[in-house]
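Worksheet: one structure, shown below.
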Amino acid sequence: MITSSEEGSNKILVAISLDRDESQNALSWAINVLAKPNDTIVALHLLVGEEPKKIPMKKKKRIQIRRAKAHVISMLGEFAYTCCQNQVNLEAKVGFCSKIGRGLINEVKSISAHYLVLSRPTSHAFRIWNEITRYVSDFAPSSCSIVFVGNPRKQHKDCYSDSDISRDIKSEKYSPRSVLSILSRDLISSSGDDASSFSSSMVSSSVASPSDKPKHRPMSPYRLISSLIMNSPLRKWRRNETKNNPKPLIQCFTYNEISKATKDFDQGAYLRDQKI
18 MITSSEEGSN KILVAISLDR DESQNALSWA INVLAKPNDT IVALHLLVGE EPKKIPMKKK
78 KRIQIRRAKA HVISMLGEFA YTCCQNQVNL EAKVGFCSKI GRGLINEVKS ISAHYLVLSR
138 PTSHAFRIWN EITRYVSDFA PSSCSIVFVG NPRKQHKDCY SDSDISRDIK SEKYSPRSVL
198 SILSRDLISS SGDDASSFSS SMVSSSVASP SDKPKHRPMS PYRLISSLIM NSPLRKWRRN
258 ETKNNPKPLI QCFTYNEISK ATKDFDQGAY LRDQKI
């Protein structure tokens, strides 16, 4: 079952990966199913590595942070209008950590999150996924409910599916126990892995106004590649060359050429047929 905060509003931490489909599934479920008016959804993308301490930062590190922040904000931009209609606050954060699981738990404690939403992987190794789920399952505070979004494979006896959670939310039935909805293939038994660190300083941004509704959806990779091909200089040169030197639509042949091609062509018979 799901817990409800005493103050009436919850903080929902959603882990954002570089896989756009996974991140969209997690955000969509958190916004449309889990969140209620006045709740706050924090989309967090973690960069594996040490936080840069030198100021100014190296160019490579600045580009990495800028791209990560742009990725998270672009993801949130697709849901900004929905959040505004549902009166849900939306925030974006980018942080550094040496282990994803440890970074998620530290951020849960930092913002006192009531829910941690993770999306089941669809395109990368399950080994990393199992390590993350194992860590957050072992070290998440009792006040935080952990939800894994995706197609269930193997159900743990102490876990709930996202459909069960949806029914609980709609019927407003709550329990003091945190939720663990396992939708991955396997969850490995707990271990004492704590070799990670997380920076409390975050690169953050918020999205929460109707004007932020995207007017145009981002171009898909297929359309982008197609547009690059259609607008290539070589293709333009060929079009101009065709306009300047157009090929004749009809090609004429002489009598000798036709005779050689037909061999038995009789001009007299052809003229007699024409007179008739």
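Oh and the sequence shown: position 50 is 67 in this note's numbering, straight run, nothing missing. Cβ coordinates follow ideal geometry from the N, Cα and C atoms, glycine included. As the structure is a computational prediction, the values presented were derived from the model and not from experiment.
When DSSP states are grouped into helix, strand and coil, Phe165 belongs to the strand group. In the structure shown, Gly66 falls within a coil segment according to DSSP collapsed to helix, strand and coil. Of the candidates Asn49, Phe156 and Ile90, Phe156 places its Cα closest to the Cα of Lys126. Across the structure, Trp146 and Cys101 are spaced so that their CA atoms are roughly 32 Å apart. Annotated three-state conformation of Leu121 is helix, per DSSP.
Residue pairing by DSSP places Tyr132 opposite Ile29 and Ser162 in a beta bridge. In the DSSP assignment, Glu108 falls within the beta strand (DSSP E) that extends over Asn106 to Cys114.
Put simply, the backbone Cα of Leu64 is about 21 Å away from that of Gly94. In this structure, the CA atom of Ile163 is about 34 Å from the CA atom of Lys77.
About 12 Å separates the beta carbon of Val89 from that of Ile58, a gap too long to meet the 8 Å contact definition.
In this model, Pro138 and Lys75 are separated by some 32 Å (Cα to Cα). Residue Arg151 holds the alpha-carbon nearest to the alpha-carbon of Gly118 among Arg151, Asp38 and Ile80. When beta bridges are read from the DSSP output, Ile58 appears opposite Ile29 and Leu107. Annotation for Phe96: no alpha helix (DSSP H) segment contains it, and DSSP assigns it neither H nor E.
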